[in-house]
Each structure stands twice: as structure tokens, then as C-alpha cells.
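Using our numbering, the first residue of the sequence shown is number 53, and each one after it goes up by one.
Backbone N, C-alpha and C fix where the C-beta goes; we use that ideal spot for every residue, glycine too.
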Amino acid sequence: MPVEKELLHRFTFGEGVTKEVGMDLKNLAATKVGVFTDSNLMKLLPMKMTIESLDQHGINYKVFDRVAIEPTDASWNDAIAWSRQHDFSHFLAVGGGSVIDTAKAANLFTVYKSAQLFDFINAPVGKGMPISEKLRPLIAVPTTAGTGSETTGTAILDIPSMKFKTGIANRALKPMLGIVDTLNTDSCPTAVHISSGLDVLFHALESYTAIPYTERTPRPANPLLRPAYQGSNDAVKYLPRVAKNRDDKEAKRQMLLASSFAGIGFGNAGVHLCHGMSYPISGFNKTGPMYKHPGYAVDKPIIPHGVSVALTGPAGESWSMLFQFTAPSSPSRHREAAAIFAGTDVNDPKIARLSDDTIGDFLFDQIARFLDNLGVPRGLKAVGYQNSDVDMLVKGTIPQRRVLDLAPGIGDVSGADGAEHLTAIIEKSMSY
Numbered sequence: 053m054p055v056e057k058e059l060l061h062r063f064t065f066g067e068g069v070t071k072e073v074g075m076d077l078k079n080l081a082a083t084k085v086g087v088f089t090d091s092n093l094m095k096l097l098p099m100k101m102t103i104e105s106l107d108q109h110g111i112n113y114k115v116f117d118r119v120a121i122e123p124t125d126a127s128w129n130d131a132i133a134w135s136r137q138h139d140f141s142h143f144l145a146v147g148g149g150s151v152i153d154t155a156k157a158a159n160l161f162t163v164y165k166s167a168q169l170f171d172f173i174n175a176p177v178g179k180g181m182p183i184s185e186k187l188r189p190l191i192a193v194p195t196t197a198g199t200g201s202e203t204t205g206t207a208i209l210d211i212p213s214m215k216f217k218t219g220i221a222n223r224a225l226k227p228m229l230g231i232v233d234t235l236n237t238d239s240c241p242t243a244v245h246i247s248s249g250l251d252v253l254f255h256a257l258e259s260y261t262a263i264p265y266t267e268r269t270p271r272p273a274n275p276l277l278r279p280a281y282q283g284s285n286d287a288v289k290y291l292p293r294v295a296k297n298r299d300d301k302e303a304k305r306q307m308l309l310a311s312s313f314a315g316i317g318f319g320n321a322g323v324h325l326c327h328g329m330s331y332p333i334s335g336f337n338k339t340g341p342m343y344k345h346p347g348y349a350v351d352k353p354i355i356p357h358g359v360s361v362a363l364t365g366p367a368g369e370s371w372s373m374l375f376q377f378t379a380p381s382s383p384s385r386h387r388e389a390a391a392i393f394a395g396t397d398v399n400d401p402k403i404a405r406l407s408d409d410t411i412g413d414f415l416f417d418q419i420a421r422f423l424d425n426l427g428v429p430r431g432l433k434a435v436g437y438q439n440s441d442v443d444m445l446v447k448g449t450i451p452q453r454r455v456l457d458l459a460p461g462i463g464d465v466s467g468a469d470g471a472e473h474l475t476a477i478i479e480k481s482m483s484y
């Protein structure tokens with residue numbers, strides 16, 4: 053039975069709820085809908101259900117099926133140009149984070165017809181302009197359990213010329229409705245389930261350990277520039293089950309729900325170090341290591357987003373080092389995270405006896421074991437990076453102030469860009 057959650061955003065969750073999208077748009081009095089998806093999904097159940105529902109309810113729509121996996125500035129501009137031609141009253145995204153993020157960008161730049169891409173991209177990479185105009189209603193139908201993009205105001209893209217990822221983060225981008233259908237991940241390959249599930253995991257962990265909002269400085273002078281940020285959930289329990297058996301319906305259902313909840317969490321609290329470092333790891337791969345992750349049907353180098361986030365997680369003693377920075381801000385939360393990975397609670401003697409100084413070491417061990425069981429590459433060297441690439445990766449991470457400034461121990465060091473700490477972490481992330 054479908055369940056509707058009224059949180060910071062509305063989403064419908066249940067089996068077959070994609071079939072309601074035509075009725076939803078009819079109730080919204082949509083006159084012309086821009087539907088965004090990719091060429092592969094055009095052949096699969098999620099889009100079949102979507103088209104049937106739109107036709108059944110007499111919705112006027114046009115389909116853009118050229119969304120790129122791991123979108124770039126070029127692919128965004130393609131979608132934006134198409135959208136501006138049609139001036140849609142409503143937007144509908146059916147796909148993973150790449151599709152939903154592309155639809156968010158198309159919506160934004162259809163309203164801001166004369167704006168350039170870098171006007172709204174986060175500073176210091178772009179101008180980071182505030183969004184003051186009301187955007188068109190966007191409905192998001194996720195087909196992966198990963199990005200949580202159906203619940204967030206964040207959209208991420210790759211800038212190949214800069215060799216890193218960046219994005220736009222503003223609550224105005226948040227979809228008005230997420231339709232989270234448990235049927236829609238059935239066609240995902242196991243590799244996609246694992247990578248997207250890792251994103252869920254680190255969304256929850258990083259947002260839960262980010263600098264508390266009350267301690268963030270400086271605060272934006274203009275409320276419109278306030279970040280759309282504010283966890284742990286069942287990803288630790290259910291991701292290994294999906295990895296073992298992609299037909300485990302209960303596990304896939306729980307991962308979808310975990311993805312949405314983690315999206316709500318990081319959409320308000322933000323993420324920090326692992327995500328910040330992941331952007332150049334993915335970006336430089338296209339001209340550097342040229343790594344192509346197994347299980348992805350693409351004809352270009354790719355380190356899937358969830359994998360790129362996880363690579364700096366447990367490497368060497370880097371996780372211990374990372375939590376050397378973050379644990380002092382909230383030892384109790386780090387202790388809770390350690391307990392969750394250990395499959396217990398904070399009252400368990402093996403957790404309770406840990407001092408605040410040793411929580412990072414214990415968490416490193418638990419996360420390393422967890423990722424090993426999923427077959428995640430063991431550090432940056434496993435995807436082709438070398439020690440000579442460290443400086444390049446650090447330089448690509450430093451502009452990611454949107455997330456770095458949320459990392460206790462890096463984001464709260466006044467006047468420091470974090471280069472020294474980042475260098476040490478990336479060096480130890482080469483292998484474990």
C-alpha cells in the first residue's frame with residue numbers, strides 16, 4: 053500500500069506508484085510536461101509505466117532521452133537548450149541521480165532564460181547566485197537506490213575542462229514530489245545496486261557527522277544563499293543483501309526508503325570529506341587512469357559516484373585520520389555510527405569501553421570490512437591512481453568548499469584551505 057511522507061518534501065512510496073504520475077500531473081493542471089530520462093530507460097518498465105499513465109490521463113508531454121550517465125556541462129547544456137525551446141509548465145524526471153539532476157538544471161535555466169551555467173554553480177567554481185524566482189513543479193521518479201536526488205536541492209555535474217565535479221545546491225531545486233516505486237530498481241545490475249547503495253551509506257554517515265548548523269561560520273548574509281543542507285539508516289543491513297541477491301525484494305525496498313531518508317538528511321545537513329574528494333577522483337579518471345568499473349554498460353571510463361566516494365573511506369589509516377578531524381565535534385555520533393557498523397548499539401561493552409580517541413580506529417576497521425565484503429576496490433591505486441597524482445587530486449578537492457566547509461577539523465579551521473590535511477588523507481587512501 054502506498055505510503056506518503058510529509059517531511060521537508062512530499063514523496064509517495066510503494067509498489068507500482070509510478071502508475072499514478074499521470075494523475076498527479078493532471079491534478080497539478082499541467083499543460084506541457086518535459087519528461088527527462090536516458091536511452092536505456094526508454095526500453096524498461098519505469099518509462100513504460102510512466103508513458104502509459106501520461107497517455108491515460110491525457111497529459112501533453114515531450115520526452116528528452118539524451119541524459120548522460122555522469123552528466124557533464126555539455127550534456128546539461130544540451131538538455132537546457134531543449135527545455136528552453138519548449139517552455140514547459142512542469143517537469144518529470146524518470147531515472148537515477150543523473151536524470152533527476154539534469155531535470156533540475158533544465159528547470160532552473162528554463163526559468164532563468166538568459167543565465168549562464170556558471171552563474172548558479174557553487175562558489176568558488178561558479179558565481180553561486182541565489183535563486184529568487186519560483187521554479188516550475190518537478191516530479192522525480194528514482195530508478196536507483198542511491199543519490200536521494202528526489203528529496204534534495206542538489207544537482208551534480210562533471211566539468212571535464214576542470215577535471216572535477218561540482219554542482220548547484222539550493223532548496224529551490226528540490227522536487228515537489230518524489231515517486232519512489234519499489235518496482236523501478238528491478239532492472240538495475242548488481243554493480244549499480246552496490247555503487248548507488250554506497251552513496252546512500254556515505255550520505256547518511258557524512259551528514260550525521262557534519263558540523264552542526266549552530267556551529268557553522270560564517271553564516272550567509274542572504275537567506276537565499278543558505279545551503280540546502282541540514283543519519284544513519286538501514287543501508288548497513290540491507291546493502292549486503294542486495295549485493296548477494298539482486299532479486300531480494302525486501303532488501304531493495306528498504307534500500308529505496310533508506311536512499312530517500314538519507315537524501316533528506318544530507319539535503320539538510322550536508323556531506324563533507326568523502327564526497328569532496330570524490331569529485332576530482334571521478335573527474336581526473338577520464339584523462340588519467342581511464343578506469344572502467346565492471347558491470348557498467350558504458351563506452352567511456354567511469355568510476356561510479358558511490359565507488360568514488362567510498363575509495364577514500366577506509367584506505368590505510370585514512371578513515372582513522374579522517375575521524376581524527378571529525379570525531380571531536382561529536383564523539384557520541386561517531387560512537388553511534390561505529391555501533392551500527394558493528395551490528396550492535398552503544399551500550400554493548402565492546403562499544404562502550406572505547407575511548408573517544410579510539411572511535412576512529414574502530415570505525416575504520418568496521419567500514420573496511422564492510423566494503424571488502426561488497427568487493428569495492430581497495431583504495432585509489434586499485435582504480436589506477438598513483439602517488440604522483442596526489443597533488444592533482446588535492447588541487448581538485450580544494451575548490452569543493454560547499455562540502456569541505458562542513459567537515460569538522462577542515463571546514464572549521466579559520467583561514468586554512470585544508471590542503472595539508474587533504475594531502476595526508478589522499479596519500480593514505482592509495483591502498484589499504
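In the structure shown, Gly219 adopts extended strand secondary structure according to DSSP, grouped into three states. DSSP places Val115 in the uninterrupted beta strand (DSSP E) bounded by 113-116. Within a 10 Å sphere around the beta-carbon of Pro346 sit fewer than 16 other beta-carbons, which makes this residue exposed. Contact annotation: the stretch 446-459 does not touch the stretch 388-395, with fewer than three C-beta pairs closer than 8 Å.
If you draw a straight line from the Cα of Asn399 to the Cα of Ile419, it is about 20 Å long. In this model, Thr475 and Lys217 are separated by some 19 Å (Cα to Cα). Per the C-alpha coordinates, the member of Phe116, Asp417, Ile121 positioned closest to Val350 is Ile121. According to the DSSP secondary-structure assignment, Ile208 is paired through a beta bridge with Gly219. Per DSSP, Pro401 is one residue of the alpha helix (DSSP H) stretching across 401-404. For Glu185, the closest alpha carbon among the candidates Gly431, Ser135, Thr199, Arg223 is that of Arg223. In the structure shown, Gly110 adopts coil according to DSSP, grouped into three states. By the Cβ-count criterion, Gln452 is buried, with 16 or more other Cβ atoms from all chains shown falling within 10 Å of its own Cβ.
Going by DSSP, Ala295 is part of the alpha helix (DSSP H) stretching over 287-296. Membership of Pro332 in the alpha helix (DSSP H) is indicated by the continuous run 325-337. Within 10 angstroms of the beta-carbon of Gly68 lie fewer than 16 other beta-carbons, which makes it exposed. Here Leu169 has Asp125, Trp128, Asn129 as same chain residues with Cβ atoms under 7 Å from its own Cβ, once five neighbours each way along the sequence are excluded. Distances from the CA of Ile132 to each of Arg454, Thr199, Ala157 were compared; the closest alpha carbon is that of Ala157. Straight-line spacing of the CA atoms in Pro429 and Pro194 works out to 26 Å.
Beta-bridge pairing by DSSP links Pro189 to no other residue. Only buried fits Asp457, as 16 or more other CB atoms lie within 10 angstroms of its CB. Contact check between the stretch 407-418 and the stretch 238-247: fewer than three CB pairs, one atom from each, fall below 8 Å, which does not count as touching. For Val146, the beta-bridge partners assigned by DSSP are Val193. Straight across, the Cα-Cα distance linking Met214 with Gly178 is about 12 Å.
In this model, Ala362 and Val435 are separated by some 12 Å (Cα to Cα). For the pair Lys304 and Ala197, the CB atoms are nearer than the 8 Å cut-off.
In the three-state scheme derived from DSSP, where H, G and I count as helix and E and B as strand, Ile477 is classed as helix. CA-to-CA, the gap between Thr64 and Arg385 works out to about 30 Å.
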